[in-house]
Amino acid sequence: MSGSKSGSVRREESARQALAALGSHRSDQQQLSIQCRHAHHVAAVYRTEAGPVYVARTGPHGHGRKDFIDSGRHGGHGGEEYVDLLTEAPSVDEELPAWCDCGPRILLRRDVLRHVAARRGTVRLE
Ligand SMILES: [Zn+2]
1 MSGSKSGSVR REESARQALA ALGSHRSDQQ QLSIQCRHAH HVAAVYRTEA
51 GPVYVARTGP HGHGRKDFID SGRHGGHGGE EYVDLLTEAP SVDEELPAWC
101 DCGPRILLRR DVLRHVAARR GTVRLE
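Take a look at the structure:
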């Protein structure tokens with residue numbers, strides 16, 4: 001990752017706050033669901049007051065922090081949750097990390113934005 005690190009941290013913070021504000025209505029605000037060709041959940045986009053927020057898990061386990069349990073945020077599926085505001089990007093070519101049972105993958109912000117704009121609902125990756 002290059003570019004302004006503090007900028008992306010700020011963006012992530014805004015995204016997390018906007019997502020948290022949805023609370024239990026989060027699933028009602030889902031704009032886009034991204035699945036792999038085996039129908040695994042890869043990533044999702046939610047409609048928030050800050051704009052479309054991208055959410056993906058970046059792995060089945062944390063990064064060696066086994067004794068660190070953050071029950072408030074992870075929803076019990078394990079892994080790290082990657083959250084970002086889709087629209088306030090430094091570059092539309094920026095890569096977004098994602099993960100499913102097939103392994104890690106990279107989605108392009110540009111592609112995710114295009115799917116959101118097309119209101120496709122569910123996208124199946126090839
Ligand atoms: Zn998969």
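By full-length UniProt numbering, the letter at position 4 of the sequence shown is numbered 4, and the numbering carries on one by one without gaps. We treat Cβ as the ideally placed atom computed from N, Cα and C, and that holds for glycine.
Legend entry - Below 6 Å from a heavy atom of ligand 1 - residues by beta-carbon: The set of residues with CB atoms less than 6 Å from any heavy atom of ligand 1 reads, in chain order, Cys36, His38, His40, Cys100, Asp101, Cys102.
Inset, instruction - Note the first and the last residue of the continuous alpha helix (DSSP H) segment covering His115. - result: 109-117
Legend entry - Per DSSP, the bridge partner or partners of Gln35: His41, Arg124
Inset, instruction - Could you tell me which residues DSSP puts in a beta bridge with Pro52? - result: Answer is Arg47.
Inset, instruction - Please classify Cys102: is it buried, with 16 or more other beta-carbons within 10 angstroms of its beta-carbon, or exposed? - result: exposed
Legend entry - First and last residue of the uninterrupted beta strand (DSSP E) at Asp93: It is not in any beta strand (DSSP E) - Asp93 carries neither H nor E in the DSSP assignment.
Legend entry - Same chain, Cβ closer than 6 Å to residue 127, neighbours up to 5 away in sequence not counted: Nothing about residue 127 can be read from this structure; the chain reaches only from 1 to 126.
Legend entry - Pairwise C-alpha distance: Gln30 and Glu80: 19 Å
Legend entry - Selected residue, minimal CA-CA separation from Asp84, among Val45, Cys36, Ile106: The residue with the shortest Cα to Cα distance from Asp84 is Val45.
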